[in-house]
Every structure is written in structure tokens, then in C-alpha cells.
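**Q**
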Amino acid sequence: MTERETTTDTADAVAPTSETDGEPDAAALEPKGNQPAVIDASGGAHTVEAVAGSGKTTTMVKRLQAEIEERDVAPNRLLVLTFANEAAHTIQEKLREALGPQVAFDIDVYTYHSFSSKLLTEYAYHVGVSPEFDLVTEEDRPQLIESVYGDVDFSFVAAGSPSAGGTSDQTLSALTSFIEAMRREAVTPADIRSYLPSDEDLRDLLGLVTDLEEMAHQVINVDANDLFGNADNLADRCDRLPRVYRAKARQFDGEGRVHSAVSDHLEAMAETAENMADHLRTESDLEWQAFRLPEAMFEGERGPLTSITQTPMGRLSNYVHMLRRARAFVGAYEAYLGALDERNAFDYDELIHRTVDLLRDEQVRDDILAEWDAVYCDEFQDTDESQLELVEELRDGLDIMVVGDSDQAIHEWRGQDPENMSKLPESFEEIGLDLNFRSRQPILDLATNLDPEKDEIEADKEPNPPNVFKVDSEGERTPAQVSTTISHLLTGRFEDVPERKLEDIAVLVRRNQNARDIAAQLDRDSIPYTLSSDAAGELGHGVRTVLSYFRVLVEPGDDVSWQRVLLHLYRVPEGDVDTLLRAGETVPAGYDALPDPVAELCCPDRVREALTDYDTLRSVSDTHSISELYRHFKRETRIDWFLREHDRDALANVERLIEAFNDSPVQSELTPAFVDYLERQAHLLSADDETATSPGSQSENAVDVMTIHQAKGLDFDTVLLPFLTESEFGHITLANYQRDLYRYDVLVDDVQGELADPLRADCSDDQIAEEWRVLHVALTRAKEHLFLFGNDVEEQGPGADMLDEHLPKGAGGTDENGGTGGTSETPIHWAAEGPRFPVWDALMDSYDEIAADTPDAVRDYTDAVNRGVDEDPGTITYYQTEVSTDEALETVLEFADEVVAGTLADGDSASNPNTARFADAPLGTSVDVELARQHSHTALESVRNCERKHVLDHVVDAFPDPTPATGGSAEVTQADVGSLFHDVAELAYWRGYDSKAEWREACEWVARSRDLTNALGPALECIDRYFETDVPEWPAVGSEVPIAVDGDEIADVDGDIAAIDDLAAIEGDITGYVDSVRRHPDGGLVVLDYKTSQAQKELETSHQLELYVRACQDRFDDPINHAGYVYVGDAGPAVQVFSVDELATLWESVLEDLATADGSSFANATPGPHCQFCPHRSLGCSEGKDESPSLDAFQIDGQ
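Residue numbers (numbering that gives the first Met the number 0): 0 to 1198.
Here you go:
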């Protein structure tokens, strides 16, 4: 069986989830609309254009089911390819539901990258690489790119950047962007060198740009030359420019794409200057903007002409500097490819390119394609050019069906080609899925009305108006309007919308900053919310603190880092930090210099703790590797206790960097250079890309706040879309449009021959098209209610339309303002204002169209929401004092901060009379509220030893002490081994695995997929021991059988409760899982529990077996006659079975344990030998007991 899931998907952190939202269960689906056409289509090549929410993945699963059950295609002859791991997992899950686990497992489901990895591994020697080739992951690539930083040609790096002797974050980031862009589009260093002019010519071009800008400033700058209001003088000066431009055009009119493009553009600039001069002379009533236009055109500075986003000089300057960066980085790009070859490694892009080459190789092509009969490509709109080539190679030898939705292609910036669906050959028969199972019709109409050429999407749901709501909104008021709308939805204050729950609501935004603004408002209004991972923005305090700690380990004199560590990690008051820094050159030296630290510091114990940890870690850093030091650091400082959820996510990036760096032969110990590396890469990985793109998730009991990219693949009952203005929603594309255009898009397109001209062509349609697709995805996430917040298109400042009048036009060409043109041989095709994105106007046109047809479907809630925003929140009585609600909330939050900081007063009314009223009660204090309890066999074993541990572990779910030091790599725990073995045993049951080989293969797969590779070796040994017993020969009738019995029922079984004096009914339910139920050779059934432990159990301690027998008495048709253990750990191989009569003698003891667990108390601690395994030993319960080791076990290398 081939491996199904690998870690070879680029889209794992930044790709969309599978579009399965709104789909019915695969098994229950009754095909509707065009779904039968997809399911029944026979042979050949088909493309399925599926609208959002049309059940395309479920339909594809039905199609696969029909192939197997109706057309007798073997499951292992079917290949499914999709873009992201999440999509692959979704398909596999649906296949298991529809076909059963064994058949589903036989179908080959891969991502494009894992499929390529499989083929290259199988044909490695033919390709000329080792089958053990490395894969450079997204986490590895920054380190590899930084290793070739020295190959940058710094003579072409922008002035002010560091030379090769130092690393600039900005230059490194630009190099990374360059290499990633070229790799993604399969542009080779040879392609780039062929395109670029010679170094001498490039330097001449750079000089040309500088000279032309300086000349324009000296000649036509209004302020520098006192030209304002003097039209004739300014016209005369404009006449000087064409002579210079044409002279330079002749100078650069040589061979090569760059020379011809620059020469033609200079000619266009000359015509523009002539047109501008004529306008200044002939117009009698000039507006003030006319005097500023020449400097905007030819200096590249738009000044007060805010509507201008691109100019002739601006395009030329950005183009030439793009060439400069390409020349600076192409050598490092070559070195990067060389480093891949040296490491026998592929990056994700090369995986696809090499696989395409492999499939084109006639020697092996037929052998590869002979493995399958048909291939299904899901989420095809997310593919790039190279993945399209891969699919086209598969098409020639296999039946093929391609499924996707072009309207949801929202990752073009990542190399995705939204035209891939339409680029498929005409031989593909197209089938459309246009029936939506998710949204109400008005929501779908709002989306489709935006594009007159778009086909209508039909809703399967019956009408249930109203569905679309608008709120006129702008600027700083928007977050408050959103928060008020959510409050009204939660309390049912809207007349036409029933009360909603927190988990029904999602706020989707275009930019990370928008998400943070909404989250801040919800926080102020005390509305529970979840802000999806990387939308939170830059490095949080927690990660900064970790990096600062590493800094002081290598640079003890870094006062700023010491201050952050002491303030944020150890809660040392700022006054104490200042005292330490004044007393010595470093914090440790300052502490040693204090005559009496106890008297001079407010919190000497915290300072002492911080310095003790510091000394320990300094010692560790001298002798241990970086990754080992990091594990010691986490253990000593308990940093996890102080991190918020977002910080933990961000810290994962740091951890991956450390692990990747630790494998390098260049560096193995902590040094300032490594800390520099960590800080740079942590910022790069956390950099605000304007919009978070990692897949989001839906929360329970909280409003979800995420970017639209994160919401792709999800749906929500009620969706709120704020900031629907051109400046906000279109910010990513419109802001810095000219600069971003020449980042590398123009270079790639021109190298590949896709541009008419790199300087004069209009690229705006391609740039803005994705914004409309992003909007489409946002609108179609809503199922029942869609709220829109926005306002009219902002009035563009003056200038752009006036500039356009003077740009040269081609034959027959005029602009909308009747501008000059029609005869130029070097016309400029773009407009000065660049692309426009009138999102609110377009939405309101669609809204009005719906209102005209179905008035009940829409509502204007502007007034209702604004009344709520302006509403006085009222007051509350706080100990006979009237305070505002805002003040009350602020006071409670201050108390919460003091609890976290450990400074909440402990009843001392003299020091703080307010907090004295809220003194915290110690653990063990009697309270009136009883917590609900559930009982399992592990809970009963716990209460048998110690009631306190039972309360902590099984009632309140208390967090454990930090793990004691183990030294070296992470220790394999018995729990990990047991978990892995049990998972494999359950998988084997459902998939019918009978042989040891199948179990071992499954174990390896489960270990990788669940990150339990550290337990793989011991678990495989357990499997070997298991097959040395007779149990595999006993027919299995159940695995991981759940039990859930009401406490009253278990207590009354056979009247046994009466045998125990004064025992009340058991209140807590009994829950758990039975590992295996099998047929016993002596007849009847046997309940079995797998044990990976080191010792066997006696009958007297086998309470869990008696509990399982009682709980399973009525679960099966055959009687349960035996129960026992299968020892697969060091205590095995062995099988120990008891009869039910033997186990029945334990029942009274089980009932006593249940009663004790019902009433266990934290106050009842029972020290004993079990304390050495207790995860709560820091409480000190076992102090002074010889049988329990002291807290000295929590130490590092004897320190």
C-alpha cells in the first residue's frame, strides 16, 4: 500500500481548505440539478465548473463510488489529486463514509506535491537523484536562502543597504521574494540573464533614471522655478524635455527587449511632454492642477494630485529598479539552485517541474500511467501553471475529470492561475454544477448581479426573507457598528432576524488590520470572539520575550532585553529593574553589587528566581545544542504558562527554525549570530502580508473574526462584511499599485512573452480581477443572513483624468475625456489613476436590483444600528455608588490583570479597599456549587490512591506541573506508546488487517500522521508481542467500544447496591472505551484490555474489567463470559483472562470506589508511593514522605 499523506504541500500554512461547506452527507446525498450528469459521465475528459456550495466534493465522491460499484473499476485504479492537505483529508473522510475504510484506503488520494514526491521517489534513479532526496520545506527555505545571501551582487543593491559583510532584513526579504516568485513561475536564472541588459547598460539605465528625474526637477518643478501661474514659461520648459527624451531614446535603441521597451517609452514621454506644452499654451482658463501635472508626469512625484497612481516617469523608474534587483539577486538564485543540487534536495516548485519532465519521458511514461485508469483533480482553480502542465500530461493516458470554481481563485499572488479552468483543451466536455445547497437566493443574487456575464446561481433552499442587510458605514465608526449589530443579533433586537448564537456569526474582512480593529471593539464590548491565527499581526509580547531571553544569554549587557525578560516573564516591577541596572553594568552584576537586595528591592524573590534560571541556562548553553537548550529553557522558565494562544502559534515558527538550524553543520551552539538569525526569520514568518491566508476554523461559543482568505471553504449562518470601501477593501491592490506592479509580476510576464510592452501596457484588469473574486468568496460564505457595511466610492482627487488627456494614443484611439491621440506609434495604454474597485457602488446596484424584484429579501438597518451605537449603556450600582457600565467593565478587567500579575490584594483593606472585597479563596475552601462528574476506570484508580489527585485530574482538569528534566531529546512516554498501539489496533479492526505486516505498516503511517514517531519503535515491539499471543486468532466483534451508563442504573444492577450499607445512588455517569471484544475459544465473548505496561495485574486489582463487563452486558447478542488483559509491553507477550464469576467478587469494591469518586474532595490528600507519578507534586502534598521523591527532581544537569 502506498503512502497517502506526506508533508510535501506548500499550502499547508498559507493554502485554502476544501470547498465542502454546505454539502450534505455523502451517503445521504440525493443527486440534484446537474449532479447526475457528473456522476454518470463516461470516459474521456470532463471539466466540472462548480459554483460555491454546490456540493462538488461530495458529487465527486459519488462519482468515484459509481466507478467502483457500477462500473467495476478497482479502487486502486483511481487517482485523486487536490491542492491542499486539508482538501485531501476531507476527500478521504468522505470516501470512508461512502465506501467504508478499506475501499477508501485503496483509492490513491494525493496533493499535487505528495503525488510528485511519490513518483520521484519511485523513479529516483531514472531521474538521476537518490530516492532519499531531501525536501526543502517552507520552514527550511529561509535558512537555505540566507546561506546564499553572500552571492548577492551588492553593487546592484540599493544605496544605503549593507554590503556582503552584514545581513539586511530588507534585502534578505527582497531576495526571498525574488527567488520564490521565480521558482513559482519556473523562470530560470538563464531566462533572467537572457532578458537583462549587460551590466554596463543597466548601470547606464540607472543613471538615466536619476538624470531624467533631476533634469525634470530643475526644468519644470513649479516651486523650484517659481512657475505657478506662468503657463507660457512652463510650456516653454516642457518643450525642452522631448529633445532630451528622444536623444536618450536613440541612445538606448539597441537590440534586446529592455532596450526597445525603454526607447519606445522615452518616445512616448516625448509625445506626452509635447502634448502638455500645447495644452498650456492653448487653454485660456487653466486650473491649478495643470501647473502641477508636468512635475507629476516627469519627476514621478504626484504631490497634491492624489488620484494619480502611475506616471510615465514612475513606470520607467520602477521598471529599471526591478531590473536592478533582478541583476543583484540572480547570482544568489543560481547559488540557491546549486545548494539544492548539493543537498540532493527539491523544493516544492522543483517537485512539480521534475515530475512533468518525468511524465514526458517516453521510457517510463507508459509504466507510470499504467498504474491508474482515471484521475480526478479537485480544487483545480487553485493550481498554477506547472500543475496545469502536470494534469495535461496525465490527461493523455487516463480518463480525467477536473473540478473547480474559477470564481474562487483568490490566490493568484501565490502563483495560482485563475484561467487554468479555461486553458484546458477543447476536448474536455464541460459540465456545470450551478445548484447551491448553502445560501438563500438573495445572497446568491447579490453575488451574481455584480457581473452581467456571470450565470445565475440557483439556491436549493426555499425562500426565508430577509437575507441581505446594508448599513451605511465609514471610517472609525465601523467597528462600533459591527459590534452593535452582533449585540442586537445575540439579543434578538432586530425585528426581522431571530436571535442568533455566538457560533452562528462570523465577521470577514479583507485585511489583518481590519480584523484587529474589529477584535479590539468586541473586546471593549465584552463580546466573546476568536481571532484566527495570523490575522493577529506582528510578533506578540510572548515571542518577543523568548527572543529577548536568548539575547541576554549571549549578550548579558543588553539592558533592553533584560528589561523585557524581567518585566514580562518574571513580573519584576519596573523600579526593581531600574535599581539593578543602576547598580551594575549588567543585571546579574547589579544584583551582586546591592548590599542588601531584600531591603532595596520590592520583589527580591522574583529577581532571585530570574537570576537562578539565567545562571542555569547560561551553563546549559555552554555545553548543549541549540534545540536542547531550547527544551531546557521552556522547562526552566515555564514560558508556556505565560503565552497567549496567538503567541503559542507564533512560537511554533521559532521552534521550527531552531530545529531546522540545529541540523546544520554551520552552527550548533547559541551565538549572537544565531539570535540575529532567529529575530530576522521570526519577523519574516510573522510579517503582515496585509491579509492572513492560513485556513481558519469555526469556533464554539464565540464570534469568528478572520480574513476572507481564511474563510474560504467555510460557511456561517450569519456573515458580517465590514469596510466595504474602495480604499479599505481594495487597499492591497490599489495602494502602491505602481511599485507593486514592478515588484516582479511584469518581469515574469515579460520574460514569458505574455506582455505587449513592460512599460506601456495596461495591467490593471489582471491586477483588480482577483479583488472581485475575493468579494465573491466573501458573499457566498453566508447561509441565512448577510450584513454589508460600507459607503460610496471616495471622490478621487484631481489630476488623473487631466494627465490621461496628454498620454499618446494609438491609431483611432481617444480617451473618455476626448483626449489627444490617434496617431502615435508608441501609445500608452494605461490610465493614470490605475485600476478602480468601486465595491460599495457595485454592491448597492446589486442590492437595489434585488430590492426591486423581491423587496422582502433586503433591509436597510443603518438607523437601527446607529441608534444602538449611540445608545447610553447605562449605569450599575457598585457598593452604593453609581458607576457607568464602561467604568464597571474597566474595573473588572483591572482586577483580572492583577490576578494574572499576582498583585491582587489578599484581603488587606488598608492597602486596597476595593480589591479587599474580592479576596481569593484558597483551594479546598467549601463552595456551594457542585461540579458535574463522570467516572472512568482511570478515575477510579486515581480516587483509590488519592482524592485530591482525582479532583485535580478528573473533576476540574487542572494543568500539570512542568515536565521534569530528562536531558537530551524528548523522552518516549508509556502514554505515547499506548496511544499509538491502541490507535493502530482500532484502525486494524475497521480495515480488516489480519497480518503483522499490515499492522506494522499501519503503525508507521499513524505515527507520522499523528506526530508520534518518537513512540514508533516501542509500538512496533508491542505489535510483535501481540502477534505472539493467540488473541489475533480470536474473531473480533468490536474495537474501542464506547460505554456510557447512568450512575443510578449501574448501582441497581442485580440489586448489588443493597449489599453495601448506607450507600446512596451513584450520581456521576460511567464512561469509557473497551479496547476489544472478541469471541472466546470456550464460547461466548471476552472483553479485552491492551496493556503496554511493564507489570501484570492481579485479580484483586482488576476493577476495570468488572466495570466493563457490567457496562457491556446488554451491548451484544452473545453473553460475555470472560474478561482479561493482553500484555504487549515488557510484561508480555501474555494473555490473562478471568471468568465473570471471578470478577463479580470485585463488584462491591467497584461500587465503593464510585461512591468515593462521587464525593471526592481536594482537602483529602493521601501521600504514598503513587506520589512519584503525580503531575501535581509542586503542591507539596508529599513533602516529608520518604516514599515520594521531592521537588528536587525538577532540575537540570544537577543544578
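Built from N, CA and C at the ideal position, the CB exists for glycine as well.
1) May I ask you to report which of helix, strand or coil DSSP gives Thr1155?
2) As a quick exercise: from Val506, Ile526, Asn1163, Pro587, pick the residue whose alpha carbon is nearest that of Pro555.
3) Can the beta-carbon of Ser1075 be found closer than 8 Å to that of Leu1087?
4) Between which two residues does the beta strand (DSSP E) harbouring Cys376 extend?
5) Buried or exposed for Leu1098, going by 16 or more other Cβ atoms inside 10 Å?
6) What runs of the beta strand (DSSP E), each 3 residues or longer, lie entirely inside the stretch 762–796?
7) Classify Arg439 as buried or exposed, calling it buried when 16 or more other Cβ atoms lie within 10 Å of its own Cβ.
8) On the premise that Leu1011 lies in contact with Ser978, defined as a C-beta separation below 8 Å, what is that separation, rounded to the nearest angstrom?
9) Using DSSP with H/G/I as helix, E/B as strand and the rest coil, what is Glu886?
10) Assign Leu80 to one of three DSSP states: helix, strand, or coil.
11) Return the residue from the list Val156, Thr89, Tyr318, Val508 that minimises the CA-CA distance to Asp749.
12) Where does Ile625 sit, in a helix, a strand or coil, going by DSSP?
13) Expressed to the nearest angstrom, what Euclidean distance is found between the alpha-carbon atoms of Asp714 and Gly474?
14) Using the C-alpha atoms, what's the distance from Gly833 back to Arg1007?
15) Could you spell out where the alpha helix (DSSP H) holding His936 opens and where it closes?
16) Are the C-beta of Ser115 and some C-beta of chain C separated by less than 8 Å?
17) With distance defined between alpha-carbon atoms, name the residue in Leu118, Ser531, Glu502, Ala701 nearest to Asp366.
18) Does Lys61 come out as helix, strand or coil in the three-state DSSP assignment?
19) If contact is defined by three or more beta carbon pairs under 8 Å, each pair taking one atom from either stretch, is the stretch 409–428 in contact with the stretch 749–763?
20) Any contact between the stretch 73–80 and the stretch 458–465? By contact I mean 3 or more CB pairs, one from each, below 8 Å.
21) On the premise that Leu501 lies in contact with Ala701, defined as a C-beta separation below 8 Å, what is that separation, rounded to the nearest angstrom?
22) Hey, out of Ile517, Leu205, Ala267, Glu298, whose CA is closest to Phe155's CA?
23) Mind checking Gln709: buried by the 16 CB within 10 Å criterion, or exposed?
24) Using beta-carbon positions only, say whether Leu488 and Thr717 come within less than 8 Å of one another.
25) Considering just the uninterrupted stretch of the alpha helix (DSSP H) at Asn513, what are its terminal residues?
26) Between which two residues does the alpha helix (DSSP H) harbouring Asn274 extend?
27) What does DSSP give as the partner residues of Phe1137 in its beta bridges?
28) Arg742 to Val186, Cα distance in whole Å?
29) Thinking Ala582 and Ala598 are a contact (beta carbons under 8 Å), I'd like their distance in whole angstroms, please.
30) Kindly list the residues whose CB is nearer than 7 Å to the CB of Thr271, restricted to its own chain and excluding five residues on each side of it in sequence; keep chain order.
31) Among Glu783, Glu1151, Ala97, which one has its Cα closest to the Cα of Pro497?
32) Which residues does DSSP pair with Asn435 in a beta bridge?
33) Can you give me the C-alpha to C-alpha distance between Asp800 and Thr308, rounded to a whole angstrom?
34) Apart from the five residues on each side of it in sequence, which residues of its chain come closer than 6 Å, Cβ to Cβ, to Asp761?
35) What residues in its chain sit with their C-beta under 8 Å from that of Val606, if we drop five residues either side in the sequence?
36) Apply the 10 Å Cβ neighbour rule to Leu986 and answer buried if 16 or more other Cβ atoms are within range, or exposed otherwise.
**A** For this structure:
1) The residue you call residue 1155 lines up with position 1156 of the sequence shown. When secondary structure is reduced to three states using DSSP, Thr1155 falls in the helix class.
2) For this step, residue 555 is matched to residue 556 along the sequence shown. Minimum Cα distance to Pro555 is reached at Pro587.
3) Here residue 1075 corresponds to residue number 1076 of the sequence shown, with the count starting at 1. Here residue 1087 corresponds to residue number 1088 of the sequence shown, with the count starting at 1. It is a contact, given that the beta carbons lie within the stated cut-off.
4) In the sequence shown, the residue the question calls residue 376 occupies position 377. Note, Cys376: beta strand (DSSP E), 373–376.
5) Mapped onto the sequence shown, residue 1098 falls at position 1099. Under this definition Leu1098 is an exposed residue.
6) Listed in chain order, the complete beta strand (DSSP E) runs (minimum 3 residues) inside the stretch 762–796 are 781–789.
7) For the purposes of this step, residue 439 is taken as residue 440 along the sequence shown, with counting starting at 1. Flag for Arg439 reads buried.
8) Counting from 1 along the sequence shown, the entry for residue 978 is found at position 979. Counting from 1 along the sequence shown, the entry for residue 1011 is found at position 1012. Confirmed, Cβ separation roughly 7 Å.
9) Position 887 of the sequence shown, counted from the first residue, corresponds to residue 886. Assignment of Glu886 by DSSP, reduced to helix, strand and coil, places it in the helix class.
10) For the purposes of this step, residue 80 is taken as residue 81 along the sequence shown, with counting starting at 1. The three-state reading of DSSP puts Leu80 in strand, counting E and B together.
11) By 1-based counting over the sequence shown, the position of residue 749 is 750. Of the candidates Val156, Thr89, Tyr318, Val508, the residue whose Cα lies closest to the Cα of Asp749 is Tyr318.
12) Position 626 of the sequence shown, counted from the start, is the residue given in the question as residue 625. Of the three classes helix, strand and coil, the one that applies to Ile625 here is helix, per DSSP.
13) On the sequence shown, residue 714 is found 715 positions in, with the first residue counted as 1. On the sequence shown, residue 474 is found 475 positions in, with the first residue counted as 1. Distance between the alpha carbons of Asp714 and Gly474: 27 Å.
14) If you number the sequence shown from 1, residue 1007 lands on position 1008. If you number the sequence shown from 1, residue 833 lands on position 834. Using only the alpha carbons, I get a separation of about 49 Å.
15) What you label residue 936 is simply residue 937 of the sequence shown in a count that begins at 1. Counting along the chain, the alpha helix (DSSP H) containing His936 begins and ends at 936–944.
16) The structure shown contains no chain C; it holds only a single protein chain.
17) Counting from 1 along the sequence shown, the entry for residue 366 is found at position 367. Nearest option by C-alpha distance: Leu118.
18) Within the sequence shown, the letter at position 62 stands for residue 61. Three-state DSSP puts Lys61 in a helix.
19) At 8 Å Cβ cutoff, the stretches do not touch.
20) Contact fails: fewer than three Cβ-Cβ distances are below 8 Å.
21) Counting from 1 along the sequence shown, the entry for residue 701 is found at position 702. Counting from 1 along the sequence shown, the entry for residue 501 is found at position 502. For Ala701 against Leu501, the beta-carbon gap comes to about 5 Å, under 8 Å, which counts as contact.
22) Taking the first residue of the sequence shown as 1, we reach residue 155 at position 156. It is Leu205.
23) As a first step, residue 709 is located in the sequence shown; it is residue number 710 there, counting from the start. Gln709 comes out buried.
24) Counting from 1 along the sequence shown, the entry for residue 488 is found at position 489. Counting from 1 along the sequence shown, the entry for residue 717 is found at position 718. Their beta carbons are under 8 Å apart, which means Leu488 touches Thr717 by this criterion.
25) Indexing the sequence shown from 1 puts residue 513 at position 514. Unbroken alpha helix (DSSP H) run through Asn513: 511–523.
26) Here the question's residue 274 lines up with position 275 in the sequence shown. Note, Asn274: alpha helix (DSSP H), 256–281.
27) Counting from 1 along the sequence shown, the entry for residue 1137 is found at position 1138. Note: Phe1137 sits in a beta bridge opposite Ala1122.
28) Working through the sequence shown from its first residue, we reach residue 742 at position 743. Working through the sequence shown from its first residue, we reach residue 186 at position 187. So the alpha carbons of these two residues sit roughly 15 Å apart.
29) Locating residue 582 in the sequence shown gives position 583, counting from the first residue. Locating residue 598 in the sequence shown gives position 599, counting from the first residue. That pair is no contact at about 13 Å.
30) Indexing the sequence shown from 1 puts residue 271 at position 272. Counting only Cβ-Cβ distances below 7 Å, and skipping sequence neighbours, we find Met296, Pro311, His805, Leu806, Pro807.
31) The residue you call residue 497 lines up with position 498 of the sequence shown. When Glu783, Glu1151, Ala97 are compared, the shortest CA-CA separation from Pro497 is found for Glu783.
32) Counting from 1 along the sequence shown, the entry for residue 435 is found at position 436. For Asn435, which the question treats as bridged, DSSP gives the partners Ala458.
33) Here residue 800 refers to the residue found at position 801 when the sequence shown is read from its first residue. Here residue 308 refers to the residue found at position 309 when the sequence shown is read from its first residue. Answer to the nearest angstrom: the Cα atoms are 11 Å apart.
34) As a working note, residue 761 is residue 762 in the sequence shown. Closer than 6 Å at the Cβ level, and outside the excluded window around Asp761, lie His828, Trp829.
35) Residue 606 sits at position 607 when you count from the first residue of the sequence shown. Contacts found: Leu565, Tyr569, Val571, Asp575, Leu579, Tyr590, Pro596, Leu600.
36) As a position in the sequence shown, residue 986 is number 987, starting the count at 1. Its Cβ being crowded by 16 or more others within 10 Å, Leu986 is buried.
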